[in-house]
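Asks: Input: one structure, supplied below.
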Amino acid sequence: MAARTEDGVARGGPIARCIVYGILMLAAAYFLLPLYVMLTTSFKTLPQIANGSLLSLPSPFSVSAWGDAWSSACTGGDCNGLHHYFWNSVAFTAPAVALSTAFGALNGYVLTKWRFKGSELIFGLLLVGTFVPFQMFLLPMARVLGIIGLDNSVAGLTLVHTVYGIAFTTLFCRNYYVAIPDELVKAARIDGASFISTFRHVILPISTPILMVCVIWQFTQIWNDFLFGVVFTSGDAHPITVALNNLVNTSSTGVKRYNVDMAGAIITALPTLLVYIVAGRYFMRGLTAGAVKG
Amino acid sequence: MAVLNIENVSKTFGETRVLEDINISMAEGEFLILVGPSGCGKSTLLNMIAGLESVSDGRITLDGRSVNDASPRERNIAMVFQFYALYPNMNVRRNIEFGLKMRGVPKAERAQTVERVARMLQIENLLDRKPAQLSGGQRQRVAIGRALARDPALFLFDEPLSNLDAKLRVEMRTELKQLHQRLGTAMVYVTHDQIEAMTLGDRIAVMHAGRVQQLGTPREIYDDPANRYVAGFIGSPAMNFIECGLTGSGGDTAVRLTGSDTETHLALPQATAAKLAEHGKTRVLMGVRPEHLVPAAEADTRRARVTCAIDVVEPTGPDTYLHTELNDAAVTARCLPSAAPNTGAHIPLAIDAERAVFFDCDTEQRIA
Ligand SMILES: Nc1ncnc2c1ncn2[C@@H]1O[C@H](COP(=O)(O)OP(=O)(O)OP(=O)(O)O)[C@@H](O)[C@H]1O
Ligand SMILES: [Mg+2]
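Read top to bottom, the protein sequences are chains A and B.
First residue of the first sequence? That's 5 in the working numbering, and the numbers climb one at a time after it.
First residue of the second sequence? That's 20 in the working numbering, and the numbers climb one at a time after it.
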């Protein structure tokens, strides 16, 4: 029997509910187990890893693997850990996320509120950009970067990710702005606001949810990217994803240091997690409420 | 000097022509209504005055200055939109002062203006609320307040009351009229509600199919419609249109009317008869408003009468409307509620020939 709950949604009886929660818990455990293994392994010592069970808790508890992964593990040629590459990644991810989000918002604003002849066509072409796979960009982009002198540099990666990301951010923002009534922009124009001040004072303040979507999406894409990083940079200019790969595949002593590998992997994944937690909080709905008849 | 002058203005969107040869001149302090059915181009014309749409052809002048190429900012106008269009992120105070801020008015002066406007519209207690925390009527007040803050030469309203419920609409209508009397600033007001048009306007422009069908005072529009469209659009219940044959000639021209059985000849005023005779056609379209078609018992005994079978009796409170047929056309007559006949009754109806208007059957233009 369906029972009415306080929020008015009909749910199953206690037995059905137990089954649902059971399945959900199993699924959660299935996805959390690898994380658990990674986390515990990163705090174990090598002998413990060799002799103990995969699921046992670390004892003694050791943070030395984290220190190694950060500052002294070998990543191919040098043995200074991941920290240099971590900052490399920050150096191109932050501006690329900011730029592609800013351009996406501006594009969306123009494509919905200041339509011009051919604006639909331009949007269509931009849309195609979201369907083009990474791999197709590699050769032409490598050539372009070479010509403008940005190959093997953090600036080059910033450019590549910004350009590639604009197609997505434009799509997101345009679809969000389409739902904002045109009358708001008309009212702002009557009030004497210019193109830019309308954007700044009227559109931008109600764009937080979609900007956060863009930031989360772009940050995840760019930070986690391996392909562009490995193709367009070498040596010192590598992003952290490439460095992590090198760290895992380089073994100076011939022993596989699983604890350092795991610590390195977690360090690499941490920023994305952080962005989800921070930006996710701004995922508010209904920011346009009250603008028009409601 | 005219505040607003619209000369031979047309508007095309791509291939479609939505406005055709519009000519309107507005005097200082005038309240002008643009009324017409949905899609006739009212909003487009208003947007062109505001500078939100370009002018395809013709010229618009504000205060004697051609503004065809001026941006909305450069025109001394303020506008209120149908869906309020309040900035959702700003509270009421900031909504009202936004236009001043964009024009670089100093902070102290802005605060003063907000005070003045809020007092005028009685929204002082709402100043710190966001639009989402307001009711529909309050939002509309704020939207009007935003327009008032700027003290423009011309106010533009695009169906500002159509979102409100019936009672609030009537209240706000009265308030708007008082506001206009107090400010004395010219206003252009778009509506598709003919009662709003009649009650608010100094003059009304009835629009249809991209053209101004008639421009005149409410009385002129109501009593002297230029064509069948205007006659049918203004007035509720609508004017009756009866196709009838003519008899006699010259000043003795009369119309033949058939009710439930007998044929009657309705004699016409001299001038009307002469015009019909001069027009030369044997059939014309007669327009009679329901209040000029009443039971003979309520009318002057000298008026022509025709007996009709009453199909439906419709009480509305102050009046009762009777539905019947004249010359096979469905018509509505008005009677006093106390004297309402029963359904199916045959009663004589009297027609006020002085107030009847006549149109050409084909062109639907006014003859007399
Ligand atoms: N941007 C546009 N492109 C093409 N056609 C348009 C555009 N804007 C309006 N139209 C057309 O112009 C005509 C007039 O539109 P307008 O909005 O002025 O009508 P309206 O009289 O305000 O109607 P309503 O009472 O429904 O608001 C309509 O047929 C509409 O389809
Ligand atoms: Mg409209």
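Cβ atoms here follow ideal geometry from the backbone N, Cα and C, with glycine treated the same way.
Classify His-5/B as helix, strand or coil using the three-state DSSP reduction.
Replies: The first residue shown for chain B is 20 and the last is 387, placing residue 5/B beyond what the model contains.
Asks: Out of curiosity, what's the CA-to-CA distance linking Arg-374/B and Asp-242/B?
Replies: The count along the second sequence starts at 1 and reaches residue 374/B at position 355. The count along the second sequence starts at 1 and reaches residue 242/B at position 223. Approximately 8 Å between the Cα atoms of the pair.
Asks: Report yes if the C-beta of Val-37/B is less than 7 Å from at least one heavy atom of ligand 1; otherwise report no.
Replies: What you label residue 37/B is simply residue 18 of the second sequence in a count that begins at 1. Yes; taking the cut-off as 7 Å, the Cβ of Val-37/B has a heavy atom of ligand 1 nearer than that.
Asks: Give a single yes or no on whether Lys-117/A has its beta carbon closer than 7 Å to a heavy atom of ligand 2.
Replies: Your numbering for residue 117/A matches position 113 in the first sequence. No, the Cβ of Lys-117/A stays beyond 7 Å of every heavy atom of ligand 2.
Asks: Considering only C-alpha positions, which residue in the set Ser-85/B, Ala-369/B, Thr-272/B, Pro-334/B is nearest to Arg-302/B?
Replies: Here the question's residue 302/B lines up with position 283 in the second sequence. It is Thr-272/B whose Cα lies nearest to the Cα of Arg-302/B.
Asks: Near Gly-164/B, which residues of its chain fall below 6 Å by C-beta distance, leaving aside the five closest residues on each side in sequence?
Replies: Here residue 164/B refers to the residue found at position 145 when the second sequence is read from its first residue. Once the five neighbours on either side are set aside, the close Cβ partners of Gly-164/B are Ile-115, Val-136, Leu-140.
Asks: Relative to chain B, which residues along the segment 161-192 of chain A have a C-beta separation below 8 Å, given in chain order?
Replies: Listed by position, the residues of the segment 161-192 of chain A near chain B (Cβ gap below 8 Å) are Pro-185, Glu-187, Leu-188, Lys-190, Ala-191, Ala-192.
Asks: If you measure beta-carbon to beta-carbon, which residues of the segment 113-135 of chain A are closer than 8 Å to chain B?
Replies: Cβ contacts with chain B: none found.
Asks: I want to verify the contact list: residues of chain B whose CB lies under 7 Å from the CB of Ala-197/A, in sequence order.
Replies: As a first step, residue 197/A is located in the first sequence; it is residue number 193 there, counting from the start. Here the neighbours are Met-121.
Asks: Starting from the C-beta of Asn-84/A, find all residues in its chain whose C-beta is less than 7 Å away, skip the five residues before and the five after it, and write them out in chain order.
Replies: Start at 1 with the first residue of the first sequence, and residue 84/A comes out as number 80. Only Ser-75, Ser-76 meet the Cβ criterion.
Asks: I believe His-365/B touches Ala-328/B by the beta-carbon criterion, under 8 Å. Please report the beta-carbon distance rounded to the nearest angstrom.
Replies: Your numbering for residue 365/B matches position 346 in the second sequence. Your numbering for residue 328/B matches position 309 in the second sequence. At roughly 5 Å, the Cβ-Cβ gap stays under 8 Å, so His-365/B and Ala-328/B are in contact.
Asks: Say yes only if the C-beta of Glu-178/B is nearer than 7 Å to one or more non-hydrogen atoms of ligand 2, and no if none qualify.
Replies: As a first step, residue 178/B is located in the second sequence; it is residue number 159 there, counting from the start. Because some heavy atom of ligand 2 lies under 7 Å away, the Cβ of Glu-178/B counts as near it: yes.
Asks: Please confirm whether Ile-220/A and Phe-176/A have their CB atoms less than 8 Å apart.
Replies: What you label residue 220/A is simply residue 216 of the first sequence in a count that begins at 1. What you label residue 176/A is simply residue 172 of the first sequence in a count that begins at 1. Against a cut-off of 8 Å, the Cβ pair of Phe-176/A and Ile-220/A comes out as no contact.
Asks: Would you say the beta carbon of Phe-32/B is closer than 7 Å to some non-hydrogen atom of ligand 1?
Replies: Sequence index remark: in the second sequence, residue 32/B carries index 13 (1-based). Yes, ligand 1 has a heavy atom inside 7 Å of this Cβ.
Asks: How should Asn-24/B be labelled, buried or exposed, when 16 other C-beta atoms within 10 angstroms of its C-beta is the threshold for buried?
Replies: The count along the second sequence starts at 1 and reaches residue 24/B at position 5. Per the 10 Å Cβ criterion, buried.
Asks: Below 8 Å, how does it come out for the segment 63-74 of chain B and the segment 141-156 of chain B: are there three or more Cβ pairs, yes or no?
Replies: Segments in contact, no.
Asks: Note down the Cα distance separating Ala-293/A from Tyr-40/A, rounded to an integer number of angstroms.
Replies: Residue numbering aside, residue 293/A sits at position 289 when the first sequence is read from its first letter. Residue numbering aside, residue 40/A sits at position 36 when the first sequence is read from its first letter. Summary for Ala-293/A: the model assigns pLDDT 40, below 50, so the residue's position carries little reliability, and this model does not support an answer.
Asks: Since Ala-97/B and Pro-171/B are thought to touch, with beta carbons under 8 Å apart, how far apart are those beta carbons, to the nearest angstrom?
Replies: Walking along the second sequence from the start, residue 97/B turns up at place 78. Walking along the second sequence from the start, residue 171/B turns up at place 152. Contact holds; Cβ gap of about 4 Å.
Asks: When you compare the CB of Arg-92/B with every CB in chain A, is at least one pair closer than 8 Å?
Replies: For the purposes of this step, residue 92/B is identified with residue 73 of the second sequence, where counting begins at 1. It does: the Cβ of Arg-92/B has a partner Cβ on chain A nearer than 8 Å.
Asks: Please determine whether the Cβ atom of His-211/B lies at a distance below 7 Å from any heavy atom of ligand 1.
Replies: The residue labelled residue 211/B in the question sits at position 192 within the second sequence. Result yes, Cβ under 7 Å from ligand 1.
Asks: What separation, rounded to the nearest whole angstrom, lies between the Cα atoms of Ile-214/B and Phe-378/B?
Replies: The residue labelled residue 214/B in the question sits at position 195 within the second sequence. The residue labelled residue 378/B in the question sits at position 359 within the second sequence. When rounded, the distance between both Cα atoms is 24 Å.
Asks: Below 8 Å on C-beta distance, what does Phe-100/B contact in chain A?
Replies: For the purposes of this step, residue 100/B is identified with residue 81 of the second sequence, where counting begins at 1. Those are Glu-187, Lys-190, Ala-191, listed as they occur along chain A.
Asks: Specify the secondary structure class of Tyr-106/B as computed by DSSP and reduced to three states.
Replies: Along the second sequence, read from residue 1 onward, the residue named residue 106/B stands at position 87. Tyr-106/B: coil per DSSP, three-state reduction.
Asks: Helix, strand or coil: which one does DSSP assign to Arg-192/B?
Replies: Residue 192/B sits at position 173 when you count from the first residue of the second sequence. Note: Arg-192/B maps to helix in three-state DSSP.
Asks: In chain A, what lies closer than 8 Å to Gly-55/B by C-beta?
Replies: For the purposes of this step, residue 55/B is identified with residue 36 of the second sequence, where counting begins at 1. Here the premise fails: no neighbours, minimum Cβ distance about 20 Å.
Asks: Is Val-37/B near Asp-76/B, with beta carbons less than 8 Å apart?
Replies: Numbered from 1 along the second sequence, position 18 holds the residue referred to as residue 37/B. Numbered from 1 along the second sequence, position 57 holds the residue referred to as residue 76/B. Not in contact: Val-37/B and Asp-76/B (Cβ atoms no closer than 8 Å).
Asks: Glu-333/B: which of Asp-221/B, Val-350/B, Arg-385/B sits nearest, CA to CA?
Replies: Counting from 1 along the second sequence, the entry for residue 333/B is found at position 314. Looking at the Cα atoms, Val-350/B is the closest of the given residues.
Asks: What separation, rounded to the nearest whole angstrom, lies between the Cα atoms of Gly-80/A and Val-252/A?
Replies: On the first sequence, position 76 is the one that residue 80/A refers to. On the first sequence, position 248 is the one that residue 252/A refers to. Cα-Cα distance, rounded: 9 Å.
Asks: With DSSP as the reference, label Ile-170/A as helix, strand or coil.
Replies: Position 166 of the first sequence, counted from the first residue, corresponds to residue 170/A. In this structure, Ile-170/A counts as helix in the three-state DSSP scheme.
Asks: Any Cβ of chain A within less than 8 Å of the Cβ of Pro-107/B?
Replies: Your numbering for residue 107/B matches position 88 in the second sequence. Chain A, which has a Cβ nearer than 8 Å to the Cβ of Pro-107/B, makes this yes.
Asks: Does the beta carbon of Phe-377/B come closer than 8 Å to any beta carbon on chain A?
Replies: Taking the second sequence and counting its residues from 1, the one referred to as residue 377/B is at position 358. False, the Cβ-Cβ gap to chain A never drops below 8 Å.
Asks: Go ahead and pull the three-state DSSP assignment for Ala-328/B.
Replies: On the second sequence, position 309 is the one that residue 328/B refers to. Three-state DSSP puts Ala-328/B in a strand.
Asks: Does ligand 2 have even one heavy atom less than 7 Å from the beta-carbon of Lys-61/B?
Replies: For the purposes of this step, residue 61/B is taken as the residue at position 42 of the second sequence. Checking the Cβ of Lys-61/B against ligand 2 gives yes.
Asks: For a test of your reading of the model: does the CB of Ser-279/B fall under 7 Å from any non-hydrogen atom of ligand 1? Yes or no.
Replies: As a working note, residue 279/B is residue 260 in the second sequence. Ser-279/B: no, Cβ never under 7 Å from ligand 1.
Asks: Does the Cβ of Ile-261/B have 16 or more other Cβ atoms within 10 Å, making it buried, or fewer, making it exposed?
Replies: By one-based count along the second sequence, residue 261/B stands at place 242. So Ile-261/B ends up on the buried side.
Asks: Interface residues of chain B around Pro-213/A at Cβ under 7 Å?
Replies: The residue labelled residue 213/A in the question sits at position 209 within the first sequence. None at all; the shortest Cβ gap to chain B is about 13 Å.
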